[in-house]
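Asker: This is the structure, below, for whatever I ask next.
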Amino acid sequence: MLLSRLSRLGARITGEATRGKFTDTRRGYYEGTFNNYLHFLRNRTLSTTSSDKAQEEGSEQTEKISVTFVDKDGEEKLIKVPVGMSMLEAAHENDIELEGACEGSLACSTCHVIVMDVGYYNKLEDPTDEENDMLDLAFGLTQTSRLGCQVIAKPELDGMRLALPAATRNFAVDGFVPKPH
Amino acid sequence: MGKVALRAGVGCAVVACGIAAVAVGRRARSRRGWGRAVALLKELEEGCATPVLRLRQVVDAMAVEMHVELASDGGSKLKMLLTFVDSLPIGMSLIARSFSLLRSDQLHVCVVGSGPAGFYTAEKMLKGHEAAKIDIIDRLPTPFGLVRSGVAPDHPETKIVVNQFSRVAGNEKCSFFGNVMLGGHGVSLLELRQLYDVVVLAYGAESDRSLGIPGEDLGGVYSAREFVWWYNGHPDCKAMPLDLKNTDTAVVLGQGNVALDVARILLRPTSELAKTDIADHALASLQESTIRKVYLVGRRGPVQAACTAKELREILGIKGLHVHIQESDLVKSPTDEVELENSRIRKRVYELFNKAATSQQSNPIMGQRELHFIFFRRPDRFVPSESSLHISGVRLEKTSLEENGDSGRQVAVGTGQFDDLNCGMVLKSIGYKSVPVDGLPFNIHQGIVPNIRGRVVNGAQLEHTEVEHGLYVVGWLKRGPTGIIATNLYCAEETVESVLEDVKRGLAASGSQKPGRQGLLQILENKGINYVPFSGWQKIDSVEKLRGQLKGKPREKITDWEELLRVAHA
Chain Z
164 MLLSRLSRLG ARITGEATRG KFTDTRRGYY EGTFNNYLHF LRNRTLSTTS
214 SDKAQEEGSE QTEKISVTFV DKDGEEKLIK VPVGMSMLEA AHENDIELEG
264 ACEGSLACST CHVIVMDVGY YNKLEDPTDE ENDMLDLAFG LTQTSRLGCQ
314 VIAKPELDGM RLALPAATRN FAVDGFVPKP H
Chain H
20 MGKVALRAGV GCAVVACGIA AVAVGRRARS RRGWGRAVAL LKELEEGCAT
70 PVLRLRQVVD AMAVEMHVEL ASDGGSKLKM LLTFVDSLPI GMSLIARSFS
120 LLRSDQLHVC VVGSGPAGFY TAEKMLKGHE AAKIDIIDRL PTPFGLVRSG
170 VAPDHPETKI VVNQFSRVAG NEKCSFFGNV MLGGHGVSLL ELRQLYDVVV
220 LAYGAESDRS LGIPGEDLGG VYSAREFVWW YNGHPDCKAM PLDLKNTDTA
270 VVLGQGNVAL DVARILLRPT SELAKTDIAD HALASLQEST IRKVYLVGRR
320 GPVQAACTAK ELREILGIKG LHVHIQESDL VKSPTDEVEL ENSRIRKRVY
370 ELFNKAATSQ QSNPIMGQRE LHFIFFRRPD RFVPSESSLH ISGVRLEKTS
420 LEENGDSGRQ VAVGTGQFDD LNCGMVLKSI GYKSVPVDGL PFNIHQGIVP
470 NIRGRVVNGA QLEHTEVEHG LYVVGWLKRG PTGIIATNLY CAEETVESVL
520 EDVKRGLAAS GSQKPGRQGL LQILENKGIN YVPFSGWQKI DSVEKLRGQL
570 KGKPREKITD WEELLRVAHA
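Shown next, in the form of C-alpha cells:
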C-alpha cells in the first residue's frame with residue numbers, strides 16, 4: 164500500500180517536472196515545502212485519479228473526449244481530455260491560457276469558461292452554492308458560465324465547446340458560427 | 020527562401036522605377052506645356068508605384084529575414100537599411116521598431132507594489148513583450164501585498180495565488196526588491212522615471228477613509244484596515260494598542276467583505292483560528308477576548324449590502340452563533356425589486372439574509388456569541404465614556420432610501436431619529452484610501468490617480484489632460500479600493516495593453532538608453548538601502564513555515580521589521 168502510494172507520488176513528480184511550463188521556473192521552491200506539497204496532492208488527487216489508474220494498469224487505455232477551447236481572439240483549439248480530468252487541468256496541460264489563481268480550490272473565479280452549447284451545459288451537474296458564489300464575481304458572466312475546475316470530463320461531454328470569457332465580446336453563445344478555415 | 024523572395028520583391032520594384040524613368044525621359048523631349056507636365060507627373064507616379072500586393076510581399080519577406088537573422092543571432096544589414104528609409108509603410112515601420120527593440124534595446128519596467136495588481140502586471144508584461152526586464156519594488160521586506168496582509172487567515176485557498184506570483188518572480192527577467200519605499204527615505208518617483216522606460220504604480224491603498232464625525236479619534240475607535248493588518252501580522256500594526264478585554268460589544272461600521280472578515284475573526288472560535296496563519300499576538304489577544312456581541316451597521320438595506328455571498332454564507336454558518344436580523348428590514352420597495360432583478364450577486368446575498376432571518380431563534384442562549392445586522396443606520400457621533408478618552412457607544416441616525424436622480428442608485432438620507440448603541444470598540448470598515456506621492460497627479464476627491472486605461476494623465480479637465488509619458492497605474496490606485504483579486508487580472512491586462520501600445524508607437528521608451536536595474540542598484544547602494552531580494556523572502560518564507568509547523572499552523576508570520584530583514588539577509 165505504502166509502496167504503491169510512493170510510486171504514485173514519484174509518477175506525479177516526474178509528470179510535473181516534464182511538463183514544459185514548469186521547467187523554466189522555480190518549481191523547486193514549492194516542492195521543498197511540506198505544506199505546499201500536501202496541498203498540491205490534495206488538489207490533484209480527485210482529478211487525476213483516472214490518469215493514475217491508467218498508469219497503474221498499464222495497457223488499459225483511459226477514455227478520452229474531445230473538447231474545443233475558443234480563446235479570446237476566437238482561435239480554436241481541439242484537445243483530448245481523459246475522462247475524470249477537470250477542464251482547468253486539461254487547459255493547462257495543453258497550454259491554453261485559462262487562469263487558475265486558486266488552483267481549483269473553489270476560492271476564485273479566474274477559470275471561468277462559457278459552455279457554448281446549452282445542450283452540453285444541461286448535461287453538467289448543477290453548480291453548487293460554493294461555485295455559484297464564485298460565479299457571482301466572474302468577469303463577463305453568461306447563462307451557461309461555469310468554473311473550469313468544476314467541469315469534469317465524462318463521455319457525454321464529448322464534442323463540447325468552451326469559450327474563454329473575452330471571446331463573448333464577439334460571439335453570442337448559442338448562435339456562434341465558426342469561421343470557415 | 021526568405022532571402023530569395025525578398026530580393027525578388029525589391030528587384031521588381033527597382034525594375035518598375037527604371038522603366039518609369041526611361042518613359043519619363045522619352046516623353047519629356049517630345050511633349051511640352053504645363054498640362055502635359057501634370058499628366059507626365061501623374062504617369063511618373065503611377066509608373067513608380069509598387070502594387071500593394073508586391074509591397075506586402077516585400078514586407079513579409081523582410082519579416083521572415085528578420086526572424087532568420089534573429090534565430091542565427093548573426094549581424095543583419097536590415098536594421099541599417101530600415102533606418103535609412105525615411106517614411107516606411109505603417110506595417111514596415113512597426114516591424115522595424117519591434118525589430119530594433121528585440122535586437123538591442125531592453126524595455127526597463129519598474130512595478131511599484133507587489134500585491135496582485137503588481138504581480139499580474141509583471142506577468143502580463145513578461146508575456147506581452149519579449150525584451151521587458153521587470154523590477155518589482157515593495158515597501159515591505161515581504162511580497163504579495165494584501166494576499167499576505169489583507170486576506171483573512173481562515174481563507175488559505177484565496178492565498179494559493181501566491182504560487183503563480185512566485186513563478187513570475189522566479190522568471191529570470193523579473194526581480195523583486197523588498198524594503199524599498201517609493202518616496203520618503205526610499206526612491207523618489209522622479210528617480211524611477213529617470214531609471215526606467217516604464218513605471219507602473221501598483222501600491223494600492225494604505226490609508227483609510229474617515230467618517231468626519233465627532234469622536235473619531237477616541238480610544239477604542241480603529242479602522243478595520245488596522246485591525247486586519249494586526250491579525251495578519253503586518254509589521255506596521257503589530258504593536259496596535261488593541262484591548263479586547265474591556266467590553267463585550269464591538270460595532271463594525273460597514274457591511275462589505277472586510278466588515279464581515281473582522282466580525283468573523285472576532286466571533287469565530289479561537290480553536291479554529293489557532294490552525295490558521297493568524298499572527299501569534301492576535302491569537303493570544305482573541306483567546307482572552309471578552310467580546311461576545313458584534314453589530315454590523317449599514318447605511319442602507321439588505322438589498323444594497325456590499326458583501327459577497329461567499330463571505331455572508333460563511334459568517335452565518337459559524338458554529339453556535341446567534342444571528343439576528345430585523346425581519347422588517349427585509350421588506351423590499353419596488354425600486355429594491357428592480358435592483359435585485361439587475362444583479363445576480365445582490366439577489367443571492369438578499370436570499371441569504373432572508374433565509375437567515377426566517378430560520379433564526381428568537382433569543383440567544385446564555386453565553387452564546389451574537390451577530391446583529393443593523394440596517395438603515397448611519398453613524399452620527401462616537402459617544403465618549405466618563406473619562407472622555409475612550410468610547411462608550413455610537414450614536415446612530417435612522418436612514419431611509421431615496422433614489423438618486425436617474426441613476427437608479429438609492430442613497431441613504433438621515434431621518435432625524437437617533438438611537439445610541441453601547442459598545443467598547445468600533446471598527447470602521449468604510450473603505451481604504453490611496454495616498455499620493457510627490458510628483459504624482461492625484462484626484463483627492465476620488466482617491467485615485469487620474470488615468471486613461473492605465474495611462475497617468477495630468478490636469479483636472481478632460482480636454483486639458485496631458486499624458487505622463489512612461490507612467491502608468493494599476494489596481495486600487497487606478498480604480499479605487501474595490502473588487503477581488505481577480506479584478507486585478509483584468510485591470511492589469513488593460514494597463515499592460517496601454518503600455519504595449521505606447522511602446523509600439525515609440526512613446527514610452529524615450530529613445531535614450533535608460534539604465535534600469537543597474538541604476539536602481541546604484542541608487543540603493545548610495546542611499547544605504549538594504550533591499551530584500553526574492554531569495555531573501557524565500558528565507559523568511561521557510562523560517563515562517565518551520566515555526567508554524569511547531570505550532571500546528573501553516574505558518575507563523577514574522578511581524579517585526581528588523582527580524583524580517585535579519586532573516587532575509589541571514
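Heads up: the sequence lines are chains Z and H, in that order.
Just so we're on the same page, our numbering is the position in the first sequence counted from 1, plus 163.
Just so we're on the same page, our numbering is the position in the second sequence counted from 1, plus 19.
For each residue, glycine too, the CB sits at the ideal point set by N, CA and C.
Exposed or buried, what is Q436/H when buried is set at 16 or more other beta-carbons lying within 10 Å of its beta-carbon?
Answerer: Q436/H should be labelled exposed.
Asker: Shorter than 9 Å from the beta carbon of I559/H to some beta carbon of chain Z?
Answerer: No, its Cβ sits nowhere closer than 9 Å to a Cβ of chain Z.
Asker: Sorted by chain position, which residues of the same chain lie with C-beta nearer than 6 Å to F302/Z's C-beta, five sequence neighbours on each side aside?
Answerer: Answer for F302/Z: P328, listed in chain order.
Asker: Do the stretch 345-352 of chain H and the stretch 292-301 of chain H meet, that is, are 3 or more Cβ pairs less than 8 Å apart?
Answerer: With the cut-off at 8 Å, the stretch 345-352 of chain H and the stretch 292-301 of chain H do not touch.
Asker: Return the residue from the list Y491/H, S554/H, V562/H that minimises the CA-CA distance to A141/H.
Answerer: Checking every option, the nearest Cα to that of A141/H belongs to Y491/H.
Asker: Do you know how far the Cα of H483/H is from the Cα of D425/H?
Answerer: About 29 Å.
Asker: What did DSSP end up calling L569/H once you bin it into helix, strand or coil?
Answerer: Note: L569/H maps to helix in three-state DSSP.
Asker: List, in order along the chain, the chain H residues whose C-beta lies closer than 9 Å to that of T273/Z?
Answerer: Residues of chain H passing the Cβ test: V180, I504, A505, L508.
Asker: Who are the neighbours of C265/Z on chain H, taking C-beta pairs under 8 Å?
Answerer: The contacting residues are E176, T177, I179, V180.
Asker: Starting from D438/H, trace the beta strand (DSSP E) both ways and give me its first and last residue.
Answerer: D438/H -> beta strand (DSSP E) spans 429-441.
Asker: Does the contact criterion of 3 or more C-beta pairs under 8 Å hold for the stretch 329-341 of chain H versus the stretch 365-384 of chain H?
Answerer: Contact between the stretch 329-341 of chain H and the stretch 365-384 of chain H is present, because at least three Cβ pairs lie under 8 Å.
Asker: Closest by CA to I156/H, which one among F394/H, K533/H, W556/H?
Answerer: Of the listed residues, the one whose Cα sits closest to I156/H is W556/H.
Asker: Going along chain Z in order, which residues have a C-beta closer than 7 Å to the C-beta of I155/H?
Answerer: None at all; the shortest Cβ gap to chain Z is about 15 Å.
Asker: Which residue comes first and which comes last in the beta strand (DSSP E) that contains L163/Z?
Answerer: Summary: the structure shown does not reach residue 163/Z, with chain Z confined to residues 164 through 344, and so no result is reported for it.
Asker: Find out if the Cβ-Cβ distance for the pair V219/H, V130/H is shorter than 9 Å.
Answerer: For V219/H and V130/H, yes; Cβs fall inside 9 Å.
Asker: Quick one: which chain H residues come within Cβ less than 9 Å of A253/Z?
Answerer: The premise fails here: A253/Z is roughly 18 Å from chain H at the closest Cβ pair, so nothing lies under 9 Å.
Asker: Could you tell me the alpha carbon to alpha carbon distance between V187/H and F553/H, rounded to whole angstroms?
Answerer: Spanning the two alpha carbons is a distance of roughly 11 Å.
Asker: Distance, Cα to Cα, G197/H vs S168/H?
Answerer: So the alpha carbons of these two residues sit roughly 15 Å apart.
Asker: One question on the structure: do R319/H and L440/H come within less than 9 Å of each other, judged by their Cβ atoms?
Answerer: Not closer than 9 Å, so no.
Asker: Using 9 Å as the threshold, is the C-beta distance between V600/H and V217/H below it?
Answerer: Absent from the model: residue 600/H. The displayed extent of chain H is 20 to 589, so no value can be given.
Asker: Tell me which same chain residues have a C-beta within less than 7 Å of the C-beta of L519/H, skipping the five on either side of it?
Answerer: Once the five neighbours on either side are set aside, the close Cβ partners of L519/H are G147, H148.
Asker: What are the start and end residues of the beta strand (DSSP E) that includes I284/H?
Answerer: Note, I284/H: premise wrong, no beta strand (DSSP E); alpha helix (DSSP H) at 276-286.
Asker: Verify the CB distance criterion: does I364/H have a CB-CB separation below 9 Å to chain Z?
Answerer: Yes, contact with chain Z.
Asker: Under 8 Å Cβ-Cβ, which residues of chain Z neighbour R367/H?
Answerer: N295, D296, D299, listed in chain order.
Asker: Assess contact between the stretch 255-265 of chain H and the stretch 312-326 of chain H, defined as three or more Cβ pairs (one per stretch) separated by less than 8 Å. Is contact present?
Answerer: The answer is no - the stretch 312-326 of chain H does not touch the stretch 255-265 of chain H, with fewer than three Cβ pairs under 8 Å.
Asker: Would you please verify whether the beta carbon of A270/Z is less than 9 Å from any beta carbon of chain H?
Answerer: At least one chain H Cβ lies under 9 Å of A270/Z.
Asker: From the DSSP secondary-structure annotation, give me the bridge partner or partners of A151/H.
Answerer: In DSSP, A151/H forms a bridge with L126/H.
Asker: Examine chain Z for any beta-carbon lying closer than 9 Å to the beta-carbon of T327/H, and answer yes or no.
Answerer: Judged by the 9 Å Cβ criterion, T327/H is in contact with chain Z.
Asker: Which stretch, first to last residue, makes up the beta strand (DSSP E) that contains L220/H?
Answerer: 217-220 is the extent of the beta strand (DSSP E) around L220/H.
Asker: Name the chain H residues that come within less than 7 Å of E256/Z, Cβ to Cβ?
Answerer: By Cβ distance, chain H contributes nothing, its closest Cβ being about 16 Å from E256/Z, past 7 Å.
Asker: Cα-Cα, which of I548/H, Y241/H, R474/H, G499/H is closest to H464/H?
Answerer: When each option's Cα is compared against that of H464/H, the closest is G499/H.
Asker: Under a Cβ-count criterion, where at least 16 other Cβ atoms within 10 Å of its own Cβ denotes burial, should L201/H be classed as buried or exposed?
Answerer: Classification of L201/H: buried, given that the 10 Å Cβ count is 16 or more.
Asker: Using beta carbons (cut-off 9 Å, strictly below), is Q183/H in contact with chain A?
Answerer: No chain A is part of this structure, whose protein chains are labelled Z and H.
Asker: So K351/H is in the alpha helix (DSSP H); what residue range does that whole segment cover?
Answerer: No alpha helix (DSSP H) contains K351/H, which DSSP labels as neither H nor E.
Asker: Locate the beta strand (DSSP E) running through G412/H, then write down its first and last residues.
Answerer: Its beta strand (DSSP E) spans residues 410-422.
Asker: For R283/H, which residues in the same chain have their Cβ closer than 6 Å to its Cβ, ignoring the five residues on either side in sequence?
Answerer: Excluding positions up to five away in sequence, the list reads I334.
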